[in-house]
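Asker: Chains as they are written, first to last, in my numbering: chain Y, 360 to 680; chain R, 360 to 680; chain F, 360 to 680; chain H, 360 to 680; chain D, 360 to 680.
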Amino acid sequence: MIVNCVAYEEGRKLADIPKEDISEYLKRPNCFVWVALKDPEPAELDEMRDEFGLHQLAVDDARKGHQRPKIEEYGDSLFAVIHTLEPKDGELNIGEVDIFVGPNYVLSVRSHSEKSFTSVRARSEREPHLLKYGAGYVFYALVDTIVDRYFPIIDELETELEAIEGSIFNNNTPRSNIKAIYALKQKLMTVKHAVDPLLEATGRLSGGRVPQVCEGTQAYFRDITDHLQRIHGTIEGIRDMQTTAIQVNLGMINLNETEVTKKLAAWAAIIAIPTLIAGIYGMNFKNMPEYDFAYGYPVALVAMIGIDVLLYFWFKKIRWL
Amino acid sequence: MIVNCVAYEEGRKLADIPKEDISEYLKRPNCFVWVALKDPEPAELDEMRDEFGLHQLAVDDARKGHQRPKIEEYGDSLFAVIHTLEPKDGELNIGEVDIFVGPNYVLSVRSHSEKSFTSVRARSEREPHLLKYGAGYVFYALVDTIVDRYFPIIDELETELEAIEGSIFNNNTPRSNIKAIYALKQKLMTVKHAVDPLLEATGRLSGGRVPQVCEGTQAYFRDITDHLQRIHGTIEGIRDMQTTAIQVNLGMINLNETEVTKKLAAWAAIIAIPTLIAGIYGMNFKNMPEYDFAYGYPVALVAMIGIDVLLYFWFKKIRWL
Amino acid sequence: MIVNCVAYEEGRKLADIPKEDISEYLKRPNCFVWVALKDPEPAELDEMRDEFGLHQLAVDDARKGHQRPKIEEYGDSLFAVIHTLEPKDGELNIGEVDIFVGPNYVLSVRSHSEKSFTSVRARSEREPHLLKYGAGYVFYALVDTIVDRYFPIIDELETELEAIEGSIFNNNTPRSNIKAIYALKQKLMTVKHAVDPLLEATGRLSGGRVPQVCEGTQAYFRDITDHLQRIHGTIEGIRDMQTTAIQVNLGMINLNETEVTKKLAAWAAIIAIPTLIAGIYGMNFKNMPEYDFAYGYPVALVAMIGIDVLLYFWFKKIRWL
Amino acid sequence: MIVNCVAYEEGRKLADIPKEDISEYLKRPNCFVWVALKDPEPAELDEMRDEFGLHQLAVDDARKGHQRPKIEEYGDSLFAVIHTLEPKDGELNIGEVDIFVGPNYVLSVRSHSEKSFTSVRARSEREPHLLKYGAGYVFYALVDTIVDRYFPIIDELETELEAIEGSIFNNNTPRSNIKAIYALKQKLMTVKHAVDPLLEATGRLSGGRVPQVCEGTQAYFRDITDHLQRIHGTIEGIRDMQTTAIQVNLGMINLNETEVTKKLAAWAAIIAIPTLIAGIYGMNFKNMPEYDFAYGYPVALVAMIGIDVLLYFWFKKIRWL
Amino acid sequence: MIVNCVAYEEGRKLADIPKEDISEYLKRPNCFVWVALKDPEPAELDEMRDEFGLHQLAVDDARKGHQRPKIEEYGDSLFAVIHTLEPKDGELNIGEVDIFVGPNYVLSVRSHSEKSFTSVRARSEREPHLLKYGAGYVFYALVDTIVDRYFPIIDELETELEAIEGSIFNNNTPRSNIKAIYALKQKLMTVKHAVDPLLEATGRLSGGRVPQVCEGTQAYFRDITDHLQRIHGTIEGIRDMQTTAIQVNLGMINLNETEVTKKLAAWAAIIAIPTLIAGIYGMNFKNMPEYDFAYGYPVALVAMIGIDVLLYFWFKKIRWL
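The structure is reproduced here in structure tokens:
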């Protein structure tokens, strides 16, 4: 589905144009065309391929989807694959944006993603002095927007880690802690797979030899790279803490086991001692003078209770209870 | 065994030729010969060596088999070793394809592998505009096909990981979970050994100085490299999760131990308390008034049962039962 | 808030100047202006941007804060982000210093940080032969001061590690040990995130092609890099020991469990044996000669006690008690 | 001890020569001398140093032994240290071969190693077209032979890993499993220390700038590098699986503990329940009608046995027994 | 404290000179001065700085001490920091040697270290043909001596590892095993911090562009680098085994726990069964014919003992005892 198809000249919008006119506008100097597709049909992609002269391998990738993030050069044009991440029901929904950039066109293809890029268009059109950089700047604006949308997700993951840290040491929910740590790890991996390859790719747009369409925008791509590096650093930090958290949780589980065993031992002693006394006074020797004492029975009971009270406080003191 | 021996000219099939005529066709300009062997005899390899002028070291590798994946240059020709992976009885069967590529020939040698490459031949012959690139394109088509066959295997491993994740938290099959995690790891290593060296090798065919036979097909080899990088990323992701899974499983086992100990303690208490009461009323003191009460016995029984009922609900409440 | 605004010439202070005069002084040769802001308003930053011609992306970073440490070149000027670390209530408070350096100006922006840089200014003014290097030297002095403030924090972390090492083997506070190890790890990560990116950035100022403003001060920046490498090495060392400490603590917890189980077993035996004897002499066989012995009862009691004493010393000997 | 001292010309053996004549043959063009020493005396090494003009540092290394594998250039000659690995009584015996190679000589010094290199000499003399490459080819042949002798050792380690994998899941020999895993790790490290530095060293002989004596044999050294990479890959694979195996074994030990605890709990219940019943009917209340029932005793016994049978099958069902 | 102050010419000692004459000798061609300080006062360092024209940053480092090992270039002179390691009371005492090397001087500053370098001086003076290389060779001789002193320490660590390996599988000292592993790790880290940065630094003196004072001695510095690499390899090997050892020890602790639990269970059964029998014959049913049997009591006792003997051997057989 075509979402938008607009021609720009000297940083200003010329007109919304029908897709049939694209090739005409492409011929005008200082003019570029920006087309946005959403979950396109194969036929639409083929049309665009013919219109813009896209490379078949890139179009194949866009058609198939589920690519890893990358930015590839095909002659003087670029093909970029970027993941979008949208939280949904506690999971992360992975979408994909494929961007084809040439000297005088930008084609963005959005799939499995709900958030649109109308804000990018609006922002770009508000800044004609930047939009004058041409297709390269639009490319930057798109990537920048997608990358900025990673930040709240990272924040969310940090919050989850803090929640886990809080509950690990409270110790009464080890099972759900393990689950939470594992779920956090899964989300981390999803973000990592979106960020790390992209970081590598944008790095090549900001230093050394730069593709022609990105010339003049290196500082902007360095800014994106910097954002991605920040996200990357945070992810690695969470991963590191999460690895420690899993070991800490294991330690707490084992500690808990020891405490249960101590409790078991303490209560066993408290029950076993009077049982032993009762056993002794259940013996059938003829000659057991206590049997005939008037207070034999109550004294025995008091002894049982007294010993148990002492034991109880002793176990309290050594923290087995 | 010779599977095929065909001469091509300008991207089109000339003819199936007998192996004796190979050297003749090699002399014709714009012509290349594509020979496919399957589990060949040493003598067949020697024949091919003489026909195509292959390097002895490469032929030795092909004869011995069990090489690690690699792409080596010998003068203006290439020698590639690639693993094929075919699932069989829950294990991964490792085969090997050795490919010799020169300016005007392709020799593929398939060993221990059941899937043929007839589809590659068919596809290549349907695209004469690509086949015109010559031996380099055939080489690409072969490698591409083998790499594409890795994807379903990777998908299968992801499914296995998900199954393990599902059953870890159900907790009643820790033994089979451990086995499954270990088996998954073994398969991962097999795929990793097939993919990682190949990734390194194809990377050198798509950028920087490229061997002459691959000139003009760099974009295609970059596409393969990209596929391999995707597989590599997925493998690393599974490995990472599997490492966490093993620790999580250990945590669950220890948690389970604690729960068993708690159950043991709870039931021990439930049995020990009435045993103690029975012990007390088994004492032989003369002066135990309860013995003469009409309802002494039923009251004692009721006390036993009552205390146990209370204990039972108490242990339920603190989740020891 | 403007903390300071001073013009320097030939390494000597000219005058405190109002911000309106900055542009005037910037035109004088051999003269540079050093402005220090603290938690500035957006408007103040914009003013400075216009005064010094700062790049919008850098100003945006300074405005937003929470950047990762970095040193970026914008034309012939530099933009640096550096973290300050100040211990507060047992945690590490992260502040940020953003420094803009051009051929004839230094603008430092301090946020969320309590320690001022008046000492830097004083020290620089005391060494006019160094201050003659210009803005580059001031930049060095600022970075050097911030980095030197990392050392006491690292020392503190080493002390914490030693305290943990001491208490791990005493074994009676495993729970607080785990917490302390985890807290140490958290602080380590904070310092690591401040140090590692900065190390990478300063490394580029001391070797190879160096930005113009830093020319002549390479040896100084190498000194900073060396300090950072020392901190980095110490952090990695603590991290490594902390990983081992967590495993050692787990080992101690499990060892403790075994010791509790041994104690439990020993005491269980000490109680169970006399209970068994009492049970035997509670049997109702007619023909039990012991029942009629005059000393049956005391002998039984002595036997119980004697066996228990033997058991007790036996368990002491094998160290189960 | 001098094992061999032979002069070669144009790839063919000239003669066995006495060591006094070496310098004479060294002067002849197209001629090279190949000397093999075994566990030499210091004096013999000094003689060779003077004969061939070896560097003192290299001779010192050869004298001291216990070097790490390496290939060093001294002017136009090479000095190589390579480990030999020979299995002996279940351990790996580390020997050392030091090779000095110059334009017209090869000196091999074998220490602590039982396998000789007569096969290398025989093979080289059978292939005069290769031996014509001169000292560089002899060097290749020696290294190739040593490296090929690593393969059976690696195979043996793989077999040991498989044996461990088999017995881990059988679970009745955890103690010997741990020992076997540790012993495997020790051997792996030995092989790793032999292979990894050598891999690095041979890599430099096959690509980029190559020492003069190795010119023309790059493809051969690439072949060795490839073999070493295969070994390296296998070692890393075994290491990886061994790390997992140690965790799996720990999991199995803990699982085993749980199973023992479950068995303990089950049998405790089976004994405690009838003990409780016996206790109840050992109470001395006057009013216990069961005491007078004709079948009181057998009914009690049957109840005890019946409950235990039920418990037994219940525990079987929930797999605690 | 000045330990030595000697002038050399053409590889031979000229004279012990007072420090006031240093500048005079520095002017003579082919002459160099070698000064050795030990735990110097700040004033002594300042004197030397003025005498030799040392860089202030380097002198500051030497004054402060506690630097990480490094070799820095200041113009045509070098500044090196190297750690000395001396075992003392089972710990490793870290000292520091700072070396300033210029075209015609060597200044070594030894701190916190007991072993002197008189042997270096003696050795150097015995080899005038090497000492002719000048200050660079003295520098080499000093570094070489310090590095050679690392070897016995590494050997000691290997011996400690072997001792730990021996006692882990004996299993009766898990607590001291953990302590020993941790202490080994601490020492390893100390050596690692001394060796790794130095390895990096010396590597730069043996290949590529080399500082002028080290020209002609590259092969010697490569030799040092090689020694450091050997130490580095050994450290990494010990670290690797130590990581495995800690896991193995954990496994043994858990295995031990299982064995204690098994023993507990076995003895519990051996005591509980006769207790149950005694309980049964303590019941007060009227109709218990056994009570009147003449041999009821002894038969019961024999049954108790018989069952226990059977149980004992059964538990022995299944290795729970």
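Cβ coordinates follow ideal geometry from the N, Cα and C atoms, glycine included.
1) For W626(H) and A628(D), I'd like the C-alpha separation in whole angstroms.
2) Throw me the rounded Cβ distance for the Q601(Y) and R427(F) pair, which I believe falls under 8 Å.
3) Output, in chain order, the set of chain R residues within a Cβ distance shorter than 9 Å of G412(Y).
4) Let me check understanding here. Comparing Cα to Cα, which of I381(R), Q571(R), A542(R) lies closest to D448(R)?
5) If we cut at 8 Å on Cβ distances, does I605(F) have a partner in chain Y?
6) Nearest-angstrom Cα distance between D555(D) and I458(F)?
7) Where do the ends of the alpha helix (DSSP H) carrying L558(Y) lie?
8) From T634(R) to I612(R), what distance separates their C-alpha atoms?
9) Going by DSSP in three states, R387(D) sits in which element: helix, strand or coil?
10) Over what stretch of residues does the alpha helix (DSSP H) that includes Y499(D) continue unbroken?
11) Secondary structure at T443(D), three-state DSSP: helix, strand or coil?
12) Strictly by DSSP, which residues pair up with W393(D)?
13) Identify every run of the alpha helix (DSSP H) within the stretch 609-680 of chain H, keeping only runs that are complete inside it and at least 4 residues long; order them along the chain.
14) State yes or no: is the C-beta of I453(D) within less than 8 Å of the C-beta of T549(D)?
15) Tell me, please, whether the stretch 400-419 of chain D touches the stretch 515-531 of chain D by the rule of three or more beta-carbon pairs shorter than 8 Å.
16) By alpha-carbon positions, which one of V619(Y), K645(Y), Y499(Y), Y654(Y) ends up nearest to L680(Y)?
17) Grab me the residues of T477(H)'s own chain with a C-beta within less than 6 Å of its C-beta, minus the 5 sequence neighbours each way, in chain order.
18) Starting from the C-beta of A366(F), find all residues in its chain whose C-beta is less than 7 Å away, skip the five residues before and the five after it, and write them out in chain order.
19) What three-state label does DSSP hand S470(R) in the structure shown?
20) When the Cβ atoms of the stretch 559-576 of chain F are set against those of the stretch 415-435 of chain D, are three or more pairs found closer than 8 Å?
21) Along chain R, which residues have their Cβ under 8 Å away from the Cβ of Y656(Y)?
22) Just how far apart, CA to CA, sit R485(H) and E559(Y)?
23) By a C-beta neighbour count over all protein chains shown, 10 Å radius and 16 as the cutoff for buried, is S535(D) buried or exposed?
24) Using a Cβ-Cβ cut-off of less than 7 Å, list which residues of the stretch 589-602 of chain Y approach chain F; keep chain order.
25) Can you pull the chain R residues whose beta carbon is under 8 Å from the beta carbon of K621(H), in chain order?
26) Counting only Cβ pairs nearer than 8 Å, list the residues of chain F close to A627(Y).
27) Checking 8 Å against the spacing of the C-beta atoms, do E400(Y) and I381(Y) come in under that value?
28) What's the gap between the Cα of T313(F) and the Cα of E455(F)?
29) Which value, in whole angstroms, describes the spacing of the CA atoms of P462(Y) and E574(Y)?
30) Under 6 Å Cβ to Cβ from I632(H), same chain only, skipping five residues before and after it: list those, please.
31) Which residues mark the beginning and the end of the beta strand (DSSP E) in which D375(H) is found?
32) Just checking: is the beta-carbon of D582(F) within a distance shorter than 8 Å of some beta-carbon in chain D?
33) Pull the bridge partners of Y433(F) from the DSSP assignment, please.
34) How would you write the range of the alpha helix (DSSP H) that M407(Y) sits in, first residue to last?
35) Would N363(H) pass as a contact of R480(H) if the rule is Cβ separation under 8 Å?
36) I want to know whether the stretch 633-647 of chain F touches the stretch 655-662 of chain D - three or more CB-CB distances under 8 Å.
Answerer: The relevant details are as follows:
1) 8 Å
2) Not really, about 20 Å apart at Cβ, beyond 8 Å.
3) Under the 9 Å cutoff, chain R gives no residues; its nearest Cβ is about 14 Å from G412(Y).
4) Checking every option, the nearest Cα to that of D448(R) belongs to A542(R).
5) yes
6) Each residue's alpha carbon lies about 34 Å from the other.
7) 533-565
8) 33 Å
9) Of the three classes helix, strand and coil, the one that applies to R387(D) here is coil, per DSSP.
10) In the DSSP annotation of this structure, the continuous segment of the alpha helix (DSSP H) that includes Y499(D) starts and ends at 494-507.
11) strand
12) V365(D), V465(D)
13) Counting only runs of 4 or more, we get 655-676.
14) A contact, by the Cβ cut-off of 8 Å.
15) no
16) Of the listed residues, the one whose Cα sits closest to L680(Y) is V619(Y).
17) none
18) L373, A374, I376, Y384, C390, V392
19) strand
20) Counting Cβ pairs under 8 Å, fewer than three are found: no touch.
21) M642, F644, N646, M647
22) 53 Å
23) A residue is called buried when at least 16 other Cβ atoms come within 10 angstroms of its Cβ; S535(D) does not meet this threshold and is exposed.
24) R589, G592, G596, D599, M600
25) Those within 8 Å of K621(H) in chain R are V619.
26) L623, A627
27) no
28) Past the edges of chain F, shown from 360 to 680, lies residue 313(F), and the structure says nothing about it.
29) Their backbone Cα atoms lie some 11 Å apart in a straight line.
30) I666
31) 371-375
32) yes
33) S436(F)
34) 401-411
35) Their beta carbons are under 8 Å apart, which means N363(H) touches R480(H) by this criterion.
36) yes
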